[in-house]
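**Q** Below are the structure tokens for one structure; questions will follow.
Number of protein chains: 2
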Amino acid sequence: MTSTSGETDPRVVRSRARVLDAVAYLLVEKGVRGVTVEAVMARSGVARATVYRHWPTRQELVLAGLRHLLPPPVPPIAVDGTLAQRLTSSLGELARQMSVEPWAHAIPALLEAARREPEIAAATARFVADRQAPLRAVLREAVEGGALPPVDVELALAELLGPFVYRRLITSEPLDEALCANVVEDFLRGHAARDTADAVAGLSSPGATAHDGPPTTVEG
Amino acid sequence: MTSTSGETDPRVVRSRARVLDAVAYLLVEKGVRGVTVEAVMARSGVARATVYRHWPTRQELVLAGLRHLLPPPVPPIAVDGTLAQRLTSSLGELARQMSVEPWAHAIPALLEAARREPEIAAATARFVADRQAPLRAVLREAVEGGALPPVDVELALAELLGPFVYRRLITSEPLDEALCANVVEDFLRGHAARDTADAVAGLSSPGATAHDGPPTTVEG
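So the protein sequences, as listed, match chains A and B. The first sequence stops at residue 220 when you use UniProt numbering, and every number in between is there. The second sequence stops at residue 220 when you use UniProt numbering, and every number in between is there.
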């Protein structure tokens with residue numbers, strides 16, 4: 001015999017799933033303002049009392065629908081591989097998540113709602129921070145290990161993630177492997193070059209230990 | 001005596017301005033879906049017949065309100081100055097425009113509406129293309145003049161504009177002079193470094209003419 005109470009009651013599980021699917025559909029198709037208890041009841045066929053028992057407020061219903069809609073957390077980046085490989089892998093995973101429907105479709109509606117509703121803004125900020133975490137860890141570790149000169153990690157995140165956000169939200173160009181590879185390549189060259197310039201200016205830098213050859217010189 | 005017909009009739013000018021202010025207010029506060037003829041009449045105090053005489057459809061009303069709300073076109077970038085100065089100046093102007101209220105406040109609502117309404121999407125695409133044009137011109141000219149190695153201009157736009165879009169829409173960090181300077185500096189170093197690598201790989205490049213000294217060599 002299986003338990004028939006609480007979360008494991010198959011009827012409860014089914015009606016919760018139907019409600020969450022309905023909220024996710026409404027979020028994507030109508031935006032956050034489209035998530036009303038009436039619309040959720042109409043689409044899910046679940047009774048008002050059942051909806052309110054699980055999600056006492058509309059805000060909780062919206063947040064549960066968002067969590068249902070959002071892609072699962074990014075797996076930790078493997079510690080092996082070159083810095084370029086780890087950055088490319090981390091960006092590739094984020095690009096993939098940003099391209100998955102219906103989530104991709106819902107991003108502008110979510111940003112628009114975040115501007116109006118503080119709880120949606122807080123949920124979005126947590127979501128963004130969770131997604132940034134692996135990339136942030138790769139950057140910090142690279143600086144500590146000397147593979148990258150000291151960088152402003154927030155600036156680095158803007159330079160690495162910005163092109164993806166720009167293409168996703170502004171131009172609708174594809175977030176493909178070429179973009180990942182080019183952005184990482186240009187980022188690493190840009191920052192390695194800065195390291196060289198700093199060294200020339202007489203600044204000491206932990207990044208200097210990453211050079212595997214003698215310093216570059218200009219003849220003439 | 002002044003003309004009392006058409007666009008120059010001061011009463012017509014005043015009621016047009018009141019309607020456009022009302023549409024802009026509704027766009028910012030309620031999003032595109034908040035722009036209904038009823039709401040415009042209520043806020044502007046202008047009669048339905050007058051609204052319809054100037055803007056026969058709701059779509060035209062929304063587009064007129066957007067044009068009223070959007071900042072004026074970016075002035076052409078001065079041709080003098082170094083490439084870094086011209087890129088920084090162009091990005092600085094775009095950053096300033098992205099930060100001006102109420103436009104800054106309206107961006108997510110506009111993107112959300114663009115996803116739903118083809119005419120809003122077309123207006124947004126034209127707006128984006130107009131704003132990209134000066135930066136695109138600076139990049140093309142730099143490549144032609146040899147100040148920059150051949151670059152994928154669309155990739156370059158994503159790398160230069162992406163950090164600004166990311167901060168404006170995702171993290172709400174400031175779009176300040178430091179961001180402009182750092183993004184341009186890292187971009188130029190990343191691409192100059194690529195030029196060097198291409199030269200090493202035996203690829204010819206118009207960018208080579210930009211070097212004002214003999215080639216860099218590695219000793220050892």
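Beta carbons are placed, not taken as given, at the ideal position from N, Cα and C, and that holds for glycine.
Ordered along the chain, which non-local residues of its own chain (more than five positions away) have a Cβ less than 8 Å from that of Leu-20 (chain A)?
**A** Correct list, in chain order: Ala-64, Gly-65 and His-68.
**Q** What is the DSSP secondary structure of Ala-129 (chain B), reduced to helix, strand or coil?
**A** Note: Ala-129 (chain B) maps to helix in three-state DSSP.
**Q** Could you give the distance in angstroms between the alpha-carbon of Asp-186 (chain B) and the alpha-carbon of Phe-164 (chain A)?
**A** Cα to Cα, Asp-186 (chain B) sits roughly 17 Å from Phe-164 (chain A).
**Q** Could you name each continuous alpha helix (DSSP H) segment of 4 residues or more that falls completely within the region 142-168 of chain A, going from the start of the chain to the end?
**A** 153-166, all fully within the region 142-168 of chain A.
**Q** By a C-beta neighbour count over all protein chains shown, 10 Å radius and 16 as the cutoff for buried, is Glu-159 (chain A) buried or exposed?
**A** Buried is the call here.
**Q** Buried or exposed for Ala-47 (chain A), going by 16 or more other Cβ atoms inside 10 Å?
**A** Answer is exposed; the Cβ neighbour count stays below 16.
**Q** Can you pull the chain B neighbours of Ala-109 (chain A), defined as C-beta to C-beta under 7 Å?
**A** Residues of chain B passing the Cβ test: Glu-112.
**Q** Using the C-alpha atoms, what's the distance from Ala-109 (chain A) back to Ala-49 (chain B)?
**A** Approximately 33 Å, taken between the alpha carbons.
**Q** Can you tell me whether Pro-149 (chain B) is buried or exposed, with buried defined as 16 or more other CB within 10 angstroms of its CB?
**A** Buried, since its Cβ has 16 or more Cβ neighbours within 10 Å.
**Q** Give the list of continuous alpha helix (DSSP H) stretches no shorter than 4 residues that lie fully inside the UniProt domain "HTH tetR-type" (13-73) of chain B.
**A** Within the UniProt domain "HTH tetR-type" (13-73) of chain B, the complete alpha helix (DSSP H) runs of at least 4 residues are 37-44, 48-54 and 58-69.
**Q** Rounded to a whole number of angstroms, what is the C-alpha to C-alpha distance between Arg-161 (chain B) and Trp-55 (chain A)?
**A** Going by the sequence as given, residue 161 (chain B) is Leu instead of Arg. Those two C-alpha atoms are separated by around 41 Å.
**Q** With 8 Å as the threshold, decide whether the Cβ of Asp-186 (chain A) is near any Cβ in chain B.
**A** It does: the Cβ of Asp-186 (chain A) has a partner Cβ on chain B nearer than 8 Å.
**Q** Would Thr-88 (chain B) pass as a contact of Ala-181 (chain B) if the rule is Cβ separation under 8 Å?
**A** Yes; because the gap between Cβ atoms is below 8 Å, this pair is in contact.
**Q** List the endpoints of the continuous alpha helix (DSSP H) containing Pro-108 (chain B).
**A** Per DSSP, Pro-108 (chain B) belongs to the alpha helix (DSSP H) from 103-116.
**Q** If you count every other CB in all the chains shown that lies within 10 Å of the CB of Ser-172 (chain B), and 16 or more means buried, which is it?
**A** Exposed: under 16 other Cβ atoms inside 10 Å.
**Q** Roughly how many angstroms separate the alpha carbons of Gly-81 (chain B) and Val-143 (chain A), rounded to a whole number?
**A** The alpha-carbon atoms of Gly-81 (chain B) and Val-143 (chain A) are separated by roughly 34 Å.
**Q** Exposed or buried, Glu-112 (chain A), counting other C-beta atoms within 10 Å across all chains shown (16 or more means buried)?
**A** With 16 or more other Cβ atoms within 10 Å, it is buried.
**Q** Could you tell me whether any Cβ in chain B is nearer than 8 Å to the Cβ of His-191 (chain A)?
**A** Chain B, which has a Cβ nearer than 8 Å to the Cβ of His-191 (chain A), makes this yes.
**Q** Between the alpha carbons of Val-33 (chain B) and Arg-115 (chain A), how many angstroms are there, rounded?
**A** Inspection of the sequence shows that residue 33 (chain B) is occupied by Arg rather than by Val. Computed Cα separation, rounded: 16 Å.
**Q** Is it buried or exposed, Ser-15 (chain A), if we count other Cβ atoms within 10 angstroms and call 16 or more buried?
**A** With 16 or more Cβ atoms within 10 Å of its Cβ, Ser-15 (chain A) is classed as buried.
**Q** Are the C-beta atoms of Gly-162 (chain A) and some chain B residue less than 8 Å apart?
**A** Chain B contact via Cβ: present.
**Q** Specify, as a first and last residue, the run of the alpha helix (DSSP H) that Gly-92 (chain B) falls within.
**A** Residues 83-99.
**Q** Closer than 9 Å by beta-carbon distance: list the chain B residues that pair up with Glu-119 (chain A), in chain order.
**A** Chain B residues near Glu-119 (chain A): none, gap ~16 Å exceeds 9 Å.
**Q** Specify the secondary structure class of Leu-175 (chain B) as computed by DSSP and reduced to three states.
**A** Reduced to three states, the DSSP call for Leu-175 (chain B) is coil.
**Q** In angstroms, rounded to a whole number, what distance separates the CA positions of Val-138 (chain A) and Ala-129 (chain B)?
**A** Computed Cα separation, rounded: 35 Å.
**Q** List the residues of chain A whose Cβ lies closer than 7 Å to the Cβ of Gly-31 (chain B), in chain order.
**A** Those within 7 Å of Gly-31 (chain B) in chain A are Glu-112.
**Q** For Leu-70 (chain B), collect the residues of the same chain with a Cβ closer than 8 Å to its Cβ; drop the 5 residues on either side in sequence, then sort them by chain order.
**A** Here the set comprises Trp-103 and Phe-127.
**Q** Quick one: residues in its chain with C-beta nearer than 8 Å to the C-beta of His-105 (chain B), no 5 flanking neighbours on either side, listed in chain order?
**A** Cβ within range, chain order: Val-28.
**Q** Could you check what DSSP says for Pro-10 (chain B) in three-state terms: helix, strand or coil?
**A** Pro-10 (chain B): helix per DSSP, three-state reduction.
**Q** Does DSSP put Asp-186 (chain B) in a helix, a strand or coil?
**A** Three-state result, Asp-186 (chain B): helix.
**Q** Can you name the residues of chain A whose CB is closer than 7 Å to the CB of Leu-155 (chain B)?
**A** The contacting residues are Asn-182.
**Q** What is the rounded straight-line gap between the Cα of Leu-91 (chain A) and the Cα of Thr-36 (chain B)?
**A** Those two C-alpha atoms are separated by around 41 Å.
**Q** Show which residues of chain A have a CB atom less than 8 Å away from the CB atom of Val-128 (chain B).
**A** Neighbours of Val-128 (chain B) on chain A, chain order: Ile-170 and Thr-171.
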